[in-house]
Amino acid sequence: MNAKATRYSNEYRADQTAYVAALDQAHARAFHSYFNQYILTDDEAGYIAVDEGDYGALPLGLMDRVVDTVPGKLNDEF
């Protein structure tokens, strides 16, 4: 395997690890929230989880960075 392919493989693994960590956090938060949890790209962390309730309607700059959504699990309807 050449050096370029190895570097790409390591970057992909780090990127995938950051995504899975953000997704796990979003699922954990969704159980205790009425609001959607969004996975956004982030220059520093790779991916982050954001609760829609923290922002109301997400600003356009954040909406452009959304890559996945986890719906909130709390429901008052019985």
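Each residue of the sequence shown is one higher than the one before, counting from -3 in this note's numbering.
Built from N, CA and C at the ideal position, the CB exists for glycine as well.
- The beta carbons of Ile35 and Ala17 sit about 10 angstroms from each other, so the pair does not count as a contact at 8 angstroms.
- For a cut-off of 8 angstroms, the C-beta gap from Val66 to Gln12 is around 17 angstroms, too long to register as a contact.
- Within the same chain, and ignoring the five residues on either side of Thr37 in sequence, the residues whose Cβ sits closer than 7 angstroms to its Cβ are Tyr43, Arg61 and Val63.
- Less than 8 angstroms separates the beta-carbon of Asp47 from that of Phe31.
- In this structure Ala45 is buried. Its beta-carbon is surrounded by 16 or more other beta-carbon atoms within 10 angstroms.
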